[in-house]
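Trainee: Mind looking over this structure? Questions follow.
In the numbering used here, the protein residues as written are 1312 to 2087.
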């Protein structure tokens, strides 16, 4: 109690210093709490399942003789059934549809954009999906049944039991047989409901379809099982592989716990970024460290003001040990108070954090990590208070202790951290701006992409749609496209590994994108045709199928004059045109070979050239043709911009962290300025009596801070250059590391430092020198 009273007395006497100290600590702790929540959530994805160590996803790799591979998150269920029969190490397996975006209808009410996956009943044996209503051992066994998550059940049926009710998906009725608890946020296999899979244990092993296949093994060590799977794969796929050339097909076992951070597979769901986890963890630790340094600096400045108090205590018999432990106790108490404030702030700011990080953390999540973090903060308090306590107890007067080289080094470290983060923020912003505004090689503006129904009975025909939408004066032109023609979606599914003959008759292997387009697509998108001609609606008497390739395709084949080249495929294909390379995917990926084929079947998209303000007119026309069929659309420019949402979100998070680091660094500079000016009060008074002007005194006081910021800049620049150069390596097309970014970061840090200390310097420089000498 005496310690608390003493601390309150100190706070009353040093209101500003105490406030800044508490702000720095509390803000750093809030950041640390939130980053700890984020990191804990990321590294524990899917670990809540029983036997998570023994659950694996079966993936597929098809590699050409040239070494190019197509790696998929998909596997073939009939083949995994063979593995289950021949490998006693596999206890159970489950198949789940990779895609499943549906609209559900109940009592004429529509519930759109729901993720409904088809799965085998064994999914409830592999994964932990506790049943709220119904018996999980009976789920998905009967055809045309559906199992809902608790939130979807409440959304459709409210508090009423849904068991036995019928929901309509497409034209099929599904009877509700169960409700399970909502899935936790830290699982990659998300869904709103499950329906029975059409897999019955048999089927061709040569067609993968779109299934994720999971297995549970007896133990987590699967080295021997991998060898068995490789042998069985070679046996079962021998004839298939012989027919397509010297390709190698391999099935891998991907540990369930690793799925979240492995983003290299096609047909996979968007997942986590291990680099982001490392970077945010490092930044949180640095901010906490900077806050600790800042606390040490401000504590030293405060202790100088308490010089008389400790001198009297020493005179009254207080030994060095007592002073040491007293200051440590004050430090720990300060940290406890700051911890309480930080927890309160974290609870208040949690909704904003959830929006920023796209998470759904509850308040209880904060209290789950509060105790271990409290212990860590107490340790931080002891460490942060040790240096001031040791210096104070050791010296006969506190002013003799001074900041010294160690204290100045701490402030230099703070500024170096801040400068590195400023440089990082500028470069991230520059890269995102470059990607969003780069010339993609096609005209993305005022292009509306409308998803067309996949069911043949719902599609009225291309000519009907062309006639109906062309009649609208608001539409200048239109086109149809198949899968992959909505640019930016080419990474979703398995690409073809091509084996073709070059001009010398040699086999050339590469991964190829083959979207199907109509004769208007290239003109509508403004893609530049370099050689040859465009498609025509009909080519009578042609023995070969016409195709149009990009420069990358011609380059990999070594063709200088590709027009008229015949591709050795079935049926044979003839190159009739070459388009200039354009970015049909994010700029983080290189431009791969592309071959346009003429659309023959029903299209996947209708593309319209129109102003966005005409959307309501277009929607009205859609309803007159398709009735209640959902009107699902995207503007191409917005869709391409969405490819960089992840980068923009990371930039926003990094911006906030940089501002916080700068704030805490400023508090550290304030502490250093306070210390220096108190120590030089007598010197300033003497200089002014001897004729020094205010500007000369200001220059003298600020010179020290400029020196340490410059040293911090010299230390920070090579670190920032190396770190950001490594970050930019992940982009195939990137901005340059311009010198002005580093110069601007240094000037900004210097300007902030001068603003931070100049107020105190100004007060000291304009003070009456008589008062300054009387103070001494």
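The C-beta atom is built at its ideal place from N, Cα and C for all residues, glycine as well.
1) Is it buried or exposed for residue 1933, if we count other Cβ within 10 angstroms and need 16 for buried?
2) Which residue's Cα is closest to the Cα of residue 2045: 2072, 1772, 1750?
3) Taking the runs of the alpha helix (DSSP H) that are 4 residues or longer, which of them lie wholly in the segment 1930–2005?
4) Looking at the strands, I want to know which residues DSSP matches up with residue 1840.
5) Do residue 1792 and residue 1954 count as a contact pair if the criterion is CB distance below 8 Å?
6) Tell me residue 1421's beta-bridge partners as DSSP assigns them.
7) If we call anything under 8 Å between Cβ atoms a contact, is residue 1864 one with residue 1901?
8) The alpha helix (DSSP H) with residue 1396 in it runs from where to where?
9) Tell me whether residue 1917 sits in a helix, a strand or coil according to DSSP, three-state version.
10) Who does residue 1562 pair with in a DSSP beta bridge?
11) Distance, Cα to Cα, residue 1385 vs residue 1416?
12) Find the nearest neighbour of residue 1427 within the set 1472, 1502, 1394, 1403, judged by alpha-carbon distance.
13) With distances taken between CB atoms, is the gap from residue 1548 to residue 1406 smaller than 8 Å?
14) In the structure shown, what three-state DSSP assignment does residue 1901 receive?
15) Exposed or buried, residue 2036, counting other C-beta atoms within 10 Å across all chains shown (16 or more means buried)?
16) Which class does residue 1672 belong to by DSSP, given the choice of helix, strand or coil?
17) From residue 1464 to residue 1499, what distance separates their C-alpha atoms?
18) Alpha carbon to alpha carbon, how far is residue 1591 from residue 1516? Give it in angstroms, no decimals.
19) With distances taken between CB atoms, is the gap from residue 1997 to residue 2075 smaller than 8 Å?
20) Going by the beta-carbon positions, is the gap between residue 1265 and residue 2028 smaller than 8 Å?
21) Is it buried or exposed for residue 1398, if we count other Cβ within 10 angstroms and need 16 for buried?
22) Leaving aside the five residues before and after residue 1930 along the sequence, list all residues of the same chain whose C-beta is less than 6 Å from its C-beta, in chain order.
23) State the Cα-Cα distance for the pair residue 1890 and residue 1875, rounded to the nearest angstrom.
24) Per DSSP, residue 1428 forms a beta bridge with which residues?
25) Do three or more CB pairs link the segment 1561–1570 to the segment 1350–1365 at distances below 8 Å?
26) Rounded to the nearest angstrom, what separates residue 1601 and residue 1951 at their Cα positions?
27) Taking the straight line between their C-alpha atoms, what separation do you get for residue 1894 and residue 1419?
28) Using 10 angstroms around the beta-carbon of residue 1938, count the other beta-carbons present and answer buried if the total reaches 16, otherwise exposed.
29) If you compare alpha carbons, which of 1343, 1595, 1765 is closest to residue 1412?
30) With residue 1723 and residue 2022 assumed to form a contact (beta carbons below 8 Å), what rounded beta-carbon distance in angstroms separates them?
31) Which value, in whole angstroms, describes the spacing of the CA atoms of residue 1655 and residue 1509?
32) Who are residue 1459's beta bridge partners in DSSP?
33) Looking only at C-alpha atoms, which of 1945, 2066, 2053, 2073 sits nearest to residue 2007?
34) Counting beta carbon pairs with one atom in the segment 1579–1586 and one in the segment 1664–1674, are three or more of them shorter than 8 Å?
35) Beta-carbon within less than 8 Å of residue 1599's beta-carbon, same chain only, minus the 5 sequence neighbours each way: which residues are those?
36) Within 10 Å of its beta-carbon, does residue 2067 have 16 or more other beta-carbons around it, so buried, or fewer, so exposed?
Mentor: On the basis of the coordinates in this document:
1) Taking the chain shown and counting its residues from 1, one reaches residue 1933 at position 622. Result: buried.
2) The residue given as residue 2045 occupies position 734 in the chain shown. Among 2072, 1772, 1750, the Cα nearest to that of residue 2045 belongs to 1750.
3) 1947–1953, 1956–1990, 1992–2000
4) Here the question's residue 1840 lines up with position 529 in the chain shown. Answer is 1890.
5) Against the chain shown, residue 1954 aligns to sequence position 643. Against the chain shown, residue 1792 aligns to sequence position 481. No, they are not a contact pair.
6) The residue you call residue 1421 lines up with position 110 of the chain shown. DSSP, once it has assigned bridges, lists 1416 as partnering residue 1421.
7) Taking the first residue of the chain shown as 1, we reach residue 1864 at position 553. Taking the first residue of the chain shown as 1, we reach residue 1901 at position 590. The answer is no: Cβ separation not under 8 Å.
8) Taking the chain shown and counting its residues from 1, one reaches residue 1396 at position 85. 1388–1397 is the span of the alpha helix (DSSP H), which, as asked, contains residue 1396.
9) Taking the first residue of the chain shown as position 1, residue 1917 is located at position 606. The answer is strand: DSSP assigns residue 1917 an E or B state.
10) In the chain shown, the residue the question calls residue 1562 occupies position 251. Bridge partners of residue 1562: 1371.
11) As a first step, residue 1385 must be located in the chain shown, where it is residue number 74. As a first step, residue 1416 must be located in the chain shown, where it is residue number 105. Each residue's Cα considered, the two are about 30 Å apart.
12) Numbered from its first residue, the chain shown carries residue 1427 at position 116. Nearest of 1472, 1502, 1394, 1403 to residue 1427, Cα basis: 1502.
13) In the chain shown, counting from the first residue as 1, residue 1548 sits at position 237. In the chain shown, counting from the first residue as 1, residue 1406 sits at position 95. For residue 1548 and residue 1406, no; Cβs fall outside 8 Å.
14) By 1-based counting over the chain shown, the position of residue 1901 is 590. Coil.
15) If you number the chain shown from 1, residue 2036 lands on position 725. Its Cβ having fewer than 16 others within 10 Å, residue 2036 is exposed.
16) Position 361 of the chain shown holds residue 1672. Residue 1672: coil per DSSP, three-state reduction.
17) For the purposes of this step, residue 1464 is taken as the residue at position 153 of the chain shown. For the purposes of this step, residue 1499 is taken as the residue at position 188 of the chain shown. Cα to Cα, the separation comes out at about 21 Å.
18) Working through the chain shown from its first residue, we reach residue 1516 at position 205. Working through the chain shown from its first residue, we reach residue 1591 at position 280. Straight-line Cα distance between these residues: approximately 44 Å.
19) For the purposes of this step, residue 1997 is taken as the residue at position 686 of the chain shown. For the purposes of this step, residue 2075 is taken as the residue at position 764 of the chain shown. Their beta carbons are not under 8 Å apart, which means residue 1997 does not touch residue 2075 by this criterion.
20) Any question about residue 1265 goes unanswered here, given that the chain covers just 1312 to 2087.
21) Taking the first residue of the chain shown as position 1, residue 1398 is located at position 87. Buried: at least 16 other Cβ atoms inside 10 Å.
22) Locating residue 1930 in the chain shown gives position 619, where the first residue counts as 1. Cβ within range, chain order: 1942.
23) As a position in the chain shown, residue 1890 is number 579, starting the count at 1. As a position in the chain shown, residue 1875 is number 564, starting the count at 1. So the two alpha carbons sit approximately 14 Å from each other.
24) Taking the first residue of the chain shown as position 1, residue 1428 is located at position 117. DSSP, once it has assigned bridges, lists 1505 as partnering residue 1428.
25) yes
26) Residue mapping note: residue 1601 aligns to position 290 of the chain shown, counting from 1. Residue mapping note: residue 1951 aligns to position 640 of the chain shown, counting from 1. Approximately 39 Å, taken between the alpha carbons.
27) One-based indexing of the chain shown puts residue 1894 at position 583. One-based indexing of the chain shown puts residue 1419 at position 108. Taking the straight line from one Cα to the other gives about 43 Å.
28) What you label residue 1938 is simply residue 627 of the chain shown in a count that begins at 1. Looking at its Cβ environment, which holds fewer than 16 other Cβ atoms inside 10 Å, residue 1938 is exposed.
29) Stepping through the chain shown from its first residue, residue 1412 is reached at position 101. For residue 1412, the nearest C-alpha among the options comes from 1765.
30) Residue 1723 sits at position 412 when you count from the first residue of the chain shown. Residue 2022 sits at position 711 when you count from the first residue of the chain shown. Right, the Cβ-Cβ distance comes to about 5 Å (below 8 Å), so this counts as a contact.
31) Taking the first residue of the chain shown as 1, we reach residue 1655 at position 344. Taking the first residue of the chain shown as 1, we reach residue 1509 at position 198. Residue 1655 and residue 1509: Cα-Cα distance of roughly 51 Å.
32) Counted from its first residue, the chain shown places residue 1459 at position 148. Partner(s): 1490, 1504.
33) Within the chain shown, numbered from 1, the residue matching residue 2007 stands at position 696. It is 2073.
34) no
35) Position 288 of the chain shown, counted from the start, is the residue given in the question as residue 1599. Only 1339, 1340, 1342, 1343, 1691 meet the Cβ criterion.
36) Counting from one through the chain shown, the residue named residue 2067 turns up at place 756. Buried, since its Cβ has 16 or more Cβ neighbours within 10 Å.
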